[in-house]
Structures are given as C-alpha cells and as structure tokens.
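The opening position of the sequence shown corresponds to residue 52 in my numbering, with each subsequent residue numbered one higher. To keep things clear, I will list the structure first and then write my remarks on it.
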Amino acid sequence: MKKKVLQLAGLPAPLMSALQEAYEVVEYSTLSDRDFSGMAGEFEVVLTNGEGVVTREQIAALPALKLIAVFGVGYDGVDVQAARDHQVKVSHTPDVLTEDVADLALGLMLATSRQIPAAQTFIEKGKWSQGSFPWTRKVSGAALGIVGLGRIGQAVAQRAQAFDMSIAYCNRSPLQDVAYRYQPDVVALAKECDFLLVCAPGTASNRHLINRDVLDALGCDGILINVGRGSVVDEQALIAALDAGTLGGAGLDVFSDEPRVPAALQNRPNVVLTPHMASATWATRQAMSQLVLDNVAAFFNGSPLVSPVPESR
Numbered sequence: 052m053k054k055k056v057l058q059l060a061g062l063p064a065p066l067m068s069a070l071q072e073a074y075e076v077v078e079y080s081t082l083s084d085r086d087f088s089g090m091a092g093e094f095e096v097v098l099t100n101g102e103g104v105v106t107r108e109q110i111a112a113l114p115a116l117k118l119i120a121v122f123g124v125g126y127d128g129v130d131v132q133a134a135r136d137h138q139v140k141v142s143h144t145p146d147v148l149t150e151d152v153a154d155l156a157l158g159l160m161l162a163t164s165r166q167i168p169a170a171q172t173f174i175e176k177g178k179w180s181q182g183s184f185p186w187t188r189k190v191s192g193a194a195l196g197i198v199g200l201g202r203i204g205q206a207v208a209q210r211a212q213a214f215d216m217s218i219a220y221c222n223r224s225p226l227q228d229v230a231y232r233y234q235p236d237v238v239a240l241a242k243e244c245d246f247l248l249v250c251a252p253g254t255a256s257n258r259h260l261i262n263r264d265v266l267d268a269l270g271c272d273g274i275l276i277n278v279g280r281g282s283v284v285d286e287q288a289l290i291a292a293l294d295a296g297t298l299g300g301a302g303l304d305v306f307s308d309e310p311r312v313p314a315a316l317q318n319r320p321n322v323v324l325t326p327h328m329a330s331a332t333w334a335t336r337q338a339m340s341q342l343v344l345d346n347v348a349a350f351f352n353g354s355p356l357v358s359p360v361p362e363s364r
C-alpha cells in the first residue's frame with residue numbers, strides 16, 4: 052500500500068507524476084474539513100512550494116507529521132520554529148537553482164538599465180522612424196551593492212566581475228571567505244552603488260528592509276533589482292519613488308502579493324517585470340524536483356535528508 056503524503060501547494064506536473072507513482076498524493080484543497088480530520092493522522096509528509104505557507108496550526112493539526120518537503124530554496128512561509136517544536140524536519144532544494152537565479156538577476160540588470168523591453172516596444176509601435184530611442188544607462192564599470200550575499204548573491208557577484216563592476220555587500224555579519232567590501236548599513240550601501248540587488252530571504256526581520264530611506268539613498272540614477280522575496284521591498288515606497296522620479300528604475304522577479312502585480316509598476320520604460328521565473332528552466336526545475344523526491348524517499352527509508360534546511364540539521 053502506498054504511503055499517503057499531503058500536498059499543500061502547487062507543484063510542477065512532472066514532479067506530481069513521479070510522486071503519484073510512488074505515493075498516494077492527497078491534495079489538501081480537495082478535502083472537506085471532515086475528510087481532513089479523518090485523515091490527518093495518516094500524513095507523515097507534507098509537500099509545498101517556495102511560496103507556500105505552512106502554519107503552526109497546520110503542523111499541530113497533523114499529529115503524525117515528520118517532514119515538510121519544500122519545492123524551492125526559500126521556505127519563509129514555513130513556520131520552522133513550530134516544526135522544531137513538533138519534531139518535524141523541513142527540506143528544501145538549494146544549490147541547484149543558484150546559477151539560473153544569478154543569470155536572471157544579471158539579465159534584469161541589463162534589461163532595466165538598457166531598457167531593452169521598452170526598446171522593443173519602441174520598434175513595434177513604429178516610433179523608430181520618428182527618431183532615436185532615448186539614451187540609457189551603462190552597466191560595465193558600475194557599482195553593485197548586494198543585499199544578502201548567500202549562494203545566489205555570490206554567483207551574481209562572480210558574473211558582475213566580468214563586467215568590471217565594483218562590488219560591496221550588506222549581511223548581518225561579514226563573511227570571512229569573500230573579497231568584496233562589507234557595508235553593514237543598507238542605506239549607506241544604497242548611497243554608494245548604481246545597482247542595488249536584493250537576494251535576501253523573506254523573513255519577518257527582512258520585511259520592508261528596502262524602504263523609502265534606502266530608495267532615496269539609491270537615488271534618481273540608481274536601479275533596484277529584486278530576485279529575493281517581494282516582502283523585502285516596500286512596494287508602495289517603490290511606486291512612490293518611481294512616480295516622483297527619485298529612483299532610476301527597477302527590475303523585479305518577485306512581488307508582495309503574487310501573482311497580483313500592482314498596475315502602478317506596469318508599463319513603465321524603466322521597470323522590467325518577470326513572473327517569479329528566476330529558477331524556471333527545464334534543467335533546474337527537474338533538478339529541484341529530483342531533490343524533493345530524494346528527500347521524501349530518504350525520510351521513508353529512514354536515511355538522512357539530502358537537503359534539510361539549516362534549522363533541521
């Protein structure tokens with residue numbers, strides 16, 4: 052008989068097919084309250100994605116729960132402290148998506164500074180015959196500030212070096228094994244750079260870390276890039292800065308209330324938007340899926356998890 056696992060959030064179709072071959076996957080959204088109450092004691096594993104939420108109340112309602120397997124590197128929606136309190140492990144899918152996210156971050160930097168989408172629209176609307184496209188901003192040799200110099204931040208920094216960019220970063224504490232300049236204050240970092248890249252996780256302490264003061268410090272020539280989490284940026288302050296012309300532009304892959312993106316961020320030549328797609332290549336999503344499968348299999352086999360979150364090690 053197949054083990055039951057509970058699916059709390061959307062997962063890619065290939066991963067779902069592989070899971071359904073090995074387990075009985077029960078989708079939470081299809082259960083009535085009565086059905087869930089009757090089955091709650093049968094679920095040792097919960098499946099969710101990087102944007103999914105797993106609350107203390109949900110964890111407490113699953114008495115047999117032992118593993119929360121996250122499809123994604125971010126797991127800020129999971130109440131990790133509640134999981135620890137209930138002796139529940141949490142796994143995620145780090146490393147395999149680092150390169151793709153770093154690639155897109157650099158792509159957003161180039162697309163926003165050079166206004167590539169706006170330039171295409173300029174051609175498509177027949178405006179080239181009326182004159183040249185407005186001049187844009189240079190990337191090579193610019194100053195890059197990175198908020199959150201983890202795996203992804205370091206991968207972007209490595210790419211930025213090929214563009215002769217000067218690099219500084221802001222973390223809770225300096226890293227011992229990197230040569231980039233450490234700046235403990237995010238406002239001071241923004242004041243010093245041309246591009247401010249957000250790679251920070253969406254923890255409660257990071258909520259609206261990029262606020263009006265930071266955006267003012269970045270200034271009318273500065274560009275904000277966010278491939279971290281939407282909650283890290285105060286979206287209303289960002290819109291206000293763009294409206295006032297006190298910020299040069301923004302390249303955003305993540306938003307505060309996905310998939311809803313404020314209309315005020317759309318249709319701006321100096322803003323480039325992508326639908327949280329930084330890790331969405333076939334190769335990487337397949338690798339992420341395999342990590343989920345490997346973690347779930349390891350749990351049921353009684354083996355150590357392949358990629359537990361730091362709090363579960």
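Beta carbons: idealized from backbone N, C-alpha and C, even for Gly.
Contact holds between the segment 236-251 and the segment 263-270, because three or more Cβ pairs, one in each stretch, are under 8 Å apart.
Ala255 and Met328 have their C-alpha atoms roughly 23 Å apart. Pairing Gly300 with Arg319 gives a Cβ-Cβ distance under 9 Å.
The beta-carbon distance between Val105 and Asp84, rounded to whole angstroms, is 18 Å. This is too long to meet the 8 Å contact definition. Distance from the CA of Ser88 to the CA of Ala208, rounded to the nearest whole angstrom, comes to 49 Å. Cβ-Cβ distances below 7 Å link Trp333 to nothing in the same chain once the five nearest sequence neighbours on each side are left out. Residue pairing for Pro320: DSSP places it in no beta bridge. For the set Arg263, Phe350, Val360, Leu342, the Cα lying nearest the Cα of Ala69 is the one of Leu342. Between the beta-carbon of Leu98 and that of Asp304 there is about 24 Å, and that puts the pair past the 8 Å contact cut. Residues of the same chain with their beta carbon placed closer than 6 Å to that of Lys178 are lacking, with the five preceding and five following residues left out of the count. DSSP links Asn352 through a beta bridge to no other residue.
Relative to the Cα of Met339, the nearest Cα in the group Gly199, Val147, Ser358 belongs to Val147.
Between the alpha carbons of Arg232 and Gly182 lies a gap of roughly 43 Å. Less than 9 Å divides the Cβ of Ala194 from the Cβ of Ala219. Judged by DSSP secondary structure, Glu175 falls within the alpha helix (DSSP H) whose first and last residues are 167-175.
One thing to note: Thr149 has its Cβ within 9 Å of the Cβ of Arg202. By the criterion of at least three beta-carbon pairs nearer than 8 Å, the segment 108-128 is not in contact with the segment 259-266. About 16 Å separates the beta carbons of Lys140 and Leu344, which is beyond the 8 Å limit, so they are not a contact pair. When DSSP states are grouped into helix, strand and coil, Leu200 belongs to the coil group. Gln205 and Gln71 have their C-alpha atoms spaced approximately 37 Å apart. The three-state secondary structure of Ala314, taken from DSSP, is helix. In this structure, Cys250 keeps its C-beta atom at 9 Å or more from the C-beta atom of Ala111. Less than 9 Å separates the beta-carbon of Leu116 from that of His137.
In the DSSP annotation of this structure, the continuous segment of the beta strand (DSSP E) that includes Ile218 starts and ends at 217-221. Within the same chain, Cβ atoms closer than 7 Å to the Cβ of Arg210 are found at Ala153, Leu157, the five residues on either side in sequence being excluded.
The Cβ atoms of Ser142 and Pro359 lie closer than 9 Å to each other. When the five nearest sequence neighbours on each side are left out, the beta carbons in the same chain lying within less than 8 Å of the beta carbon of Asp294 are those of Ala315, in order along the chain.
Where Ile274 is concerned, the enclosing beta strand (DSSP E) starts and stops at 274-277.
Looking at Ala133, Arg107, Cys221, the one whose alpha-carbon comes closest to that of Glu362 is Ala133.
Around the beta carbon of Ser330, 16 or more other beta carbons lie within 10 angstroms, which makes this residue buried.
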